[in-house]
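Presented below is the structure to which this report refers.
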Amino acid sequence: MKSPLRKKYDVVIVGGGPAGLAAALGARQAGAERILVVDREIEAGGILNQCIHSGFGLHYFKEELTGPEYAERFVRSALADSIEIITDSYVLDISTDLQLEVVSGRYGYLQFKARAVVLAMGCRERTRGAIRTPGFRPAGVMTAGLAQKMVNMKGLLPGRRVAILGSGDIGLIMARRLVLEGCEVVGVYELQPYSNGLTRNLVQCLDDFDIPLHLSTTVAFIHGRDRVERLTLAPVDMKCNPDLSRTRDVACDTLLLSIGLIPENELSTRLRLRMDPATGGPQVASNLETSLPGVFACGNVLHVHDLVDFVSEESLRAGRFAAEVARGLRRPGDNISLQAGENIASCVPQSLSPDREQVVYLRVKRPLKNCLLTIGDRYEKSFRVMIPSEMIRLTLAPEVLDRYFGDNLRIDIWPQERV
Amino acid sequence: MPEKKNLICIGCPMSCPLELVIVEGEIQVVIGNDCKRGETYARQEYRAPCRMLSTTIACTAGLWPRLPVKTAAAIPKERITAVVQALHCLEITAPVLLGQVIQENVADTGIDVIATRNMPSLQGKNNR
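The listed protein sequences correspond, in order, to chains A and B.
The first sequence runs 1 to 419 under my numbering.
The second sequence runs 420 to 547 under my numbering.
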């Protein structure tokens with residue numbers, strides 16, 4: 001079939017999930033004319049389409065929506081803004097002069113030239129290989145997100161008696177989902193001494209359904225040749241090493257893994273973008289531009305978020321800045337490098353400029369109580385609780401930065417009390 | 420004799436551990452909350468815990484074989500199983516529009532169940 005698409009676009013966005021759609025809207029707001037979103041699924045919306053639970057949009061829309069409802073609002077706005085969306089299509093490669101190679105289920109091989117590119121590929125789940133769980137390789141071991149897609153979209157049950165390793169939010173939400181679909185969930189096992197999910201999810205997903213959560217516990221062995229038959233569980237010490245003298249077995253036919261997310265950066269690494277090992281995503285300036293001029297990044301490909309509301313907000317900004325570049329507008333570069341200091345696992349963006357209000361996202365390394373966050377000697381804010389699973393969002397007024405004369409600004413968190 | 424009940428507030432990320440002091444079935448005092456939301460949550464949760472419910476129903480001739488749905492308002496927690504069972508028996512044919520009422524007054528809760536997405540008909544597309 002002959003493609004109705006153009007050869008040249010102002011902004012091409014890789015990924016049609018919440019990040020890509022918001023970036024497209026942002027680009028339109030900032031005056032880009034021809035905008036294309038490329039997505040590999042058969043419909044836009046990304047992971048939201050399988051997240052049928054509610055809890056999305058409390059910040060962005062000031063109301064509580066389910067994932068598909070949240071996605072639908074963005075898809076509708078994008079279509080109303082005449083943004084072109086091509087689905088069932090995969091970006092194979094991007095050249096440094098912003099030529100994109102795409103293979104499409106409908107139109108075959110396509111090439112596009114872009115003035116600016118926004119990377120919005122999202123993230124994927126860590127798998128069994130990432131944690132090297134010993135045992136056999138039977139059917140029935142899968143990531144929680146895959147089980148979510150099977151149950152919520154394809155109408156397939158992954159098993160009957162399910163154990164969940166990792167207490168990330170997807171794992172907790174799937175525990176509840178599977179119980180509602182008639183499965184038995186034998187337990188959720190977490191390596192850390194604290195849960196990695198939001199506390200509200202512990203209450204409404206586990207406690208409401210009497211699903212036990214076992215902290216400081218891991219799966220030491222997976223039994224079963226063709227299908228998972230049982231798991232050997234072991235408590236872990238302070239260094240997360242399993243204590244094999246105190247194991248116990250639990251019978252189940254399915255093991256779901258909810259053990260973390262990795263930004264999906266194959267295109268970024270092919271482009272040789274400068275990466276941040278702490279976030280797993282590209283390094284970006286305060287305008288969300290990567291180390292390659294004209295290439296921007298936003299959403300989970302940049303750093304894993306826990307709230308889609310923040311993804312939308314960040315991506316709108318990325319889209320706006322991408323449109324500026326597409327229109328030939330160039331802001332002066334950042335002059336302050338932002339560095340993660342005491343107790344900070346990661347922060348985004350990696351540099352700042354005093355010419356406008358800045359938004360900084362960060363995560364702490366471990367749960368902390370009653371602490372003081374400082375940015376150099378320019379900014380102080382106290383927090384009563386900070387946990388790794390909840391990203392902190394700060395806005396910095398231009399006044400905070402415009403009289404700072406150093407090159408490196410450090411963010412630190414000083415706890416008064418350790419949890 | 421005052422009786423005690425412990426809850427965790429789900430109002431915000433603070434997750435305050437709440438202690439309810441109850442005398443003859445009435446909450447006398449809520450301890451442990453750092454803000455007013457904790458007390459509101461404790462009183463609602465003690466008197467009549469409610470939850471939003473989202474699930475899926477079978478859908479024929481649509482882009483996907485399952486249609487996501489939700490209760491239009493929170494339902495009493497103890498009715499969750501009854502509502503889920505009532506929805507297990509339903510089947511709808513695409514196309515479906517977002518917000519369309521799928522089942523009125525589901526399991527006599529007085530609350531409707533609505534579709535949470537548009538489900539276009541298949542129209543020869545691959546149903547993956």
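Ideal Cβ positions, reconstructed from N, Cα and C, are used throughout, including at glycine.
None of the values given here were measured: they were computed from a predicted structure.
- When DSSP states are grouped into helix, strand and coil, A:Gly159 belongs to the coil group.
- Sorting A:Arg34, A:Asn49 and A:Ile259 by C-alpha distance to the C-alpha of A:Glu41 places A:Asn49 at the top.
- Contacts between A:Asp39 and chain B, judged by CB atoms closer than 8 Å, are missing: the closest CB pair is about 14 Å apart.
- Of all C-beta pairs linking the stretch 101-116 of chain A to the stretch 194-204 of chain A, fewer than three are shorter than 8 Å, placing the two stretches out of contact.
- Taking 8 Å as the CB threshold, A:His214 stays off the interface with chain B.
- Neighbours of B:Ala505 in chain A, taken as residues at a C-beta separation under 7 Å, are lacking, since the least C-beta distance is about 12 Å.
- Of all residues in the stretch 282-300 of chain A, none has a C-beta nearer than 8 Å to a C-beta of chain B.
- Annotation note: the stretch 445-470 of chain B contains the following uninterrupted alpha helix (DSSP H) runs of length 4 or greater, listed N- to C-terminal: 455-466.
- For A:Glu184, no alpha helix (DSSP H) run applies; the uninterrupted beta strand (DSSP E) run containing it begins and ends at Glu184 to Tyr189, by DSSP.
- About 5 Å separates the Cβ atoms of A:Asn152 and A:Ile52, confirming a contact at the 8 Å cut-off.
- Neighbours of B:Pro514 across chain A, judged by C-beta separation under 9 Å, do not exist; the nearest C-beta is about 14 Å away.
- Around A:Ile52, the beta-carbon contacts reaching into chain B at under 7 Å are Ser473, Thr475, Pro487 and Thr535.
- With respect to chain A, the C-beta atom of B:Lys496 has a partner C-beta closer than 8 Å.
- Legend: CB atoms of the stretch 68-82 of chain A lying less than 7 Å from CB atoms of chain B belong to residues Pro68, Glu69 and Glu72.
- The bridge partners DSSP lists for A:Thr96 come to none.
- The beta carbons of A:Val308 and A:Tyr70 sit closer together than 8 Å.
- Across the set A:Ile222, A:Gln99, A:Thr232 and A:Ser216, the C-alpha of A:Ser216 shows the shortest separation from the C-alpha of A:Met238.
- When Cβ-Cβ separations below 8 Å define contact, B:Ile511 makes no contact with chain A.
- Beta-bridge partners assigned by DSSP to B:Ile427: B:Pro436.
- In the three-state reduction of the DSSP assignment, A:Ser245 falls in the helix class.
- According to the DSSP assignment, A:His223 belongs to the beta strand (DSSP E) that extends over Thr217 to His223.
- Out of B:Gln522, B:Lys496, B:Ala513 and B:Gly518, the CA that lies nearest to the CA of B:His507 is found in B:Gln522.
- At a cut-off of 8 Å between C-beta atoms, B:Arg462 does not count as an interface residue with respect to chain A.
- In terms of CA proximity to A:Val162, A:Ile222 leads the group A:Ile222, A:Lys7, A:Ser104 and A:Asp276.
- Under the criterion of beta carbons closer than 8 Å, B:Ala477 and B:Arg485 qualify as touching, at roughly 7 Å.
- Only those residues of the stretch 179-192 of chain A whose C-beta falls short of 7 Å from the nearest C-beta of chain B are listed: Leu180.
- If one requires a minimum length of 3 residues, the beta strand (DSSP E) runs lying completely within the stretch 26-94 of chain A are 35-38, 54-56, 84-86 and 89-94, in chain order.
- At least 8 Å separates the beta-carbon of A:Gly57 from that of A:Leu316.
- Pairwise C-beta distances place the stretch 164-175 of chain A in contact with the stretch 187-198 of chain A, as three or more of them are shorter than 8 Å.
- Listed in chain order, the positions of the stretch 145-161 of chain A with a beta carbon within less than 8 Å of a beta carbon of chain B are Val151, Asn152, Met153, Lys154 and Gly155.
- In this structure, the straight-line span from the alpha carbon of A:Glu101 to that of A:Ile83 is close to 19 Å.
- Rounded to the nearest whole angstrom, the C-alpha separation of A:Ile35 and A:Pro138 is 45 Å.
- Apart from sequence neighbours up to five positions away, the residues of its chain that approach B:Ser473 with a beta-carbon distance below 6 Å are Lys489, ordered along the chain.
- Collapsing the DSSP output to three states places A:Cys347 in a strand.
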